[in-house]
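Heads up: the structure comes next, in structure tokens.
Residue numbers (my numbering), protein chains in the order written: chain A, 1 to 376; chain B, 1 to 376.
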């Protein structure tokens, strides 16, 4: 078998061998003490990464399932203010439309959020606020703490999507007032795709909706997690839990602080490369917004064909991401997520640099050496 | 590490090594041709096992998620007649209560369904009928074809839970008029827990609800599966898909007919053992209902303590199931599901026979030898 391509995407990301090997095990009974201990390990470590002491559950479903659990359990029939400056903010808005009265507070993708618009919606009675902390579609980091303060000021519940920041960037769900926070398994945690986790504050529990979805009913999750042996209400994706536990133990061994610092250094090195090449970073940031710590979006310069360009990179065994929806052809994105380090990043930047030159782009300077300067 | 216990449960079941090894792979991009081919392999084989030519999708969620997908996409706001003679029929009723006007047509667990009651509900305007084909909680096989005919007579949609029969018993979704049918991965398919699949007829598509759940929105599944490369709408549980593909290829190599016959022989041997011991099978069957092909429920005789009895079996490295809910302590259940054969079944029956004797039960005869007579 040919070597797998190196996935330098904003998820899924390469998994350490320990994580993959954990899935080889024979089936175990998910109503037993051993599975309960696996689940408990995941919860313990994830609470640290979330920055929360709230109850936390692992869902057998992707990040989108956790987003729906948030909105479906706590937004039903309510006025929901949805901050949108990228694809995943939009997704939370679309989910909210199915459960309540959703108000889109939109900005161009990758530009600062309309916080004044949010305050107006809150004054107008919005009871739930949704935010994507790290919007990978545009590689922008949104001001979660500020949004949390606004939500609290008007006594609204704050739903924070930390799918691509938790485990790779500073997240303080409790300090920021995130009543509900969610993460995905195949992003900064470097576990396989297919699981997500969600934390729920006491404040949120006291406002849980009457008519909830079934598979994603968090009251059922709470009941099952609270029994003698930790359980899930319905059959969990056991191999993925075994893998997530390994990924969590690796996070614990590395330490959350050093792990975030590693992500920071890697994404800084990618930004240094872009600057050296003379390429523009895509997001428009301000004092509230920052470049993402886990993915970098770079504008594609005139004359460079997106698919040929990424095709050249792929020929060298590396997959980077294009833009999504209307950003397709306008940006490319490089992940700095999970278990990767300097070797993967340098290889990727070298391949990108070669592909840019091959496309006829005149580099301002050597991005690979600039990145090495950050990493060395 | 100690050897894993042998799971002789009505799911999860032991997985062949090929299936488990498939999960060791490095992460792959789920928006690529390779994943599309994996998904397509699963769909091709599952259609055969379902007995359907309808569209079929794999969901990253357990059988309960597929049940909710059925009801949530096709039952919203409708009158739903739910046939119940066990725990999973009850679950479909509970899910239906969250989406429409659910009518429970109940019988004692493990006794024949009330088909006259169903016809009355249909005459009274029920638009959807739900049925569990193989009710593992009571080890009874319900008359799916007859229910399908009744549903069609009154132009209702027929939702059939084939979670524990598909791949291990004869299922003819199309011939029986099952507009929606579902299966779980960790049952007769012998794949890991965490996936389910659902088939949808043209008739059902034409009646899809307006306001659907999001993660389980089958219109989104349809759109993504219909693109050039087969995709899922949201991030799928990739390692589980890789494992399910192997499990499906194994099913194809064995052949569906021989596989069903193997399940039939194994469950017959367990019933033969029970009869030889002088124990009663739990379900009450009639000309419409039969003993399950994939799990056998046996009444616990007076004087035998359920948990001590199963504890003795477990000491020998074998897990059998007790009863659920109000049947706890009244029955024990032995799975004949998935990839197991005569060795696992004979070992289990020997351990059970020993444990019965240890509990002071006076065997009428030698159940192990009776089972060997069926298997040899």
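Beta carbons: idealized from backbone N, C-alpha and C, even for Gly. This one's a predicted model, so the numbers in the text were calculated from it and none came from an experiment.
Any beta carbon of chain A sitting closer than 8 Å to that of residue i?
i: residue 28 of chain B; result: yes
Who are the near neighbours of residue i in its chain, counting only those whose CB is closer than 7 Å to its CB and skipping five residues on each side?
i: residue 145 of chain A; result: 176
i: residue 236 of chain A; result: 30, 60
i: residue 21 of chain A; result: none
With a cut-off of 8 Å, does the C-beta of residue i fall near any C-beta of chain B?
i: residue 13 of chain A; result: yes
i: residue 95 of chain A; result: yes
i: residue 319 of chain A; result: yes
i: residue 333 of chain A; result: no
i: residue 377 of chain A; result: This structure gives no information on residue 377 of chain A, because the portion of chain A shown stretches from 1 to 376.
Could you list which residues in chain A have their beta carbon closer than 9 Å to that of residue i, in chain order?
i: residue 24 of chain B; result: 17, 20, 21, 23, 24
i: residue 7 of chain B; result: 26, 27, 28, 29
If the cut is a Cβ gap below 9 Å, which residues of chain B does residue i touch?
i: residue 60 of chain A; result: 60, 61, 62, 65, 193, 194, 237
Apart from the five residues on each side of it in sequence, which residues of its chain come closer than 6 Å, Cβ to Cβ, to residue i?
i: residue 172 of chain B; result: 51
i: residue 43 of chain A; result: 56
i: residue 386 of chain A; result: This structure cannot settle anything about residue 386 of chain A, because the visible part of chain A is limited to 1 through 376.
i: residue 78 of chain A; result: 100, 127, 128
i: residue 71 of chain A; result: 95, 96, 99
i: residue 377 of chain B; result: Residue numbering for chain B in the displayed model covers 1 to 376; residue 377 of chain B lies beyond these limits and cannot be assessed.
i: residue 239 of chain A; result: 23
i: residue 165 of chain A; result: 133, 134, 171
i: residue 102 of chain B; result: 80, 82, 93, 96
i: residue 306 of chain B; result: 300, 322, 329
i: residue 141 of chain A; result: 134, 290, 292
So which residues on chain B does residue i lean against when the C-beta distance must stay under 7 Å?
i: residue 234 of chain A; result: 62, 64
Taking C-beta pairs closer than 8 Å, name the residues in chain B that residue i reaches, listed in chain order.
i: residue 4 of chain A; result: 25, 26, 27, 28
So that I know if they touch, is there some Cβ in chain D lying closer than 8 Å to that of residue i?
i: residue 68 of chain A; result: Note that chain D does not occur in the displayed structure, where the protein chains are A and B.
To which residues of the same chain is residue i closer than 8 Å at the C-beta, ignoring the five residues directly before and after it?
i: residue 304 of chain A; result: 356, 359, 360, 361
i: residue 369 of chain B; result: 276
i: residue 250 of chain A; result: 16, 18, 19, 190, 339
At a cut-off of 7 Å, would you count residue i as near the ligand SAH, judging by its Cβ distance to the nearest heavy atom?
i: residue 171 of chain A; result: As for the ligand SAH, it is missing from this structure, which has no ligand bound.
Near-chain A residues of the region 172-185 of chain B (beta-carbon distance less than 8 Å), N- to C-terminal order | 184
Pull out every residue of the region 186-205 of chain A whose Cβ sits closer than 7 Å to any Cβ of chain B, in chain order.
-> 186, 192, 193, 194
Interface residues of the region 209-226 of chain B facing chain A [CB-CB below 8 Å] = 211, 212, 213, 214, 215, 216
For the region 95-124 of chain A, which residues have a beta carbon sitting closer than 8 Å to at least one beta carbon of chain B?
-> Listed by position, the residues of the region 95-124 of chain A near chain B (Cβ gap below 8 Å) are 95, 98.
Ordered list of beta strand (DSSP E) runs contained in the region 187-225 of chain A, each at least 3 residues = 196-200
Unbroken beta strand (DSSP E) runs of length 3 or more, entirely within the region 88-136 of chain A: which are they?
-> DSSP runs (the beta strand (DSSP E)) wholly in the region 88-136 of chain A: 101-106, 128-132.
Any chance you could list the alpha helix (DSSP H) runs of at least 4 consecutive residues sitting entirely within the region 7-90 of chain A, in chain order?
-> 17-21, 33-50, 63-74
Just list the beta strand (DSSP E) runs in the region 275-303 of chain B, keeping only unbroken ones of 3 residues or longer that don't cross its boundaries, in chain order.
-> For the beta strand (DSSP E) assignment, the uninterrupted runs of no fewer than 3 residues enclosed by the region 275-303 of chain B are, from N- to C-terminal side, 295-299.
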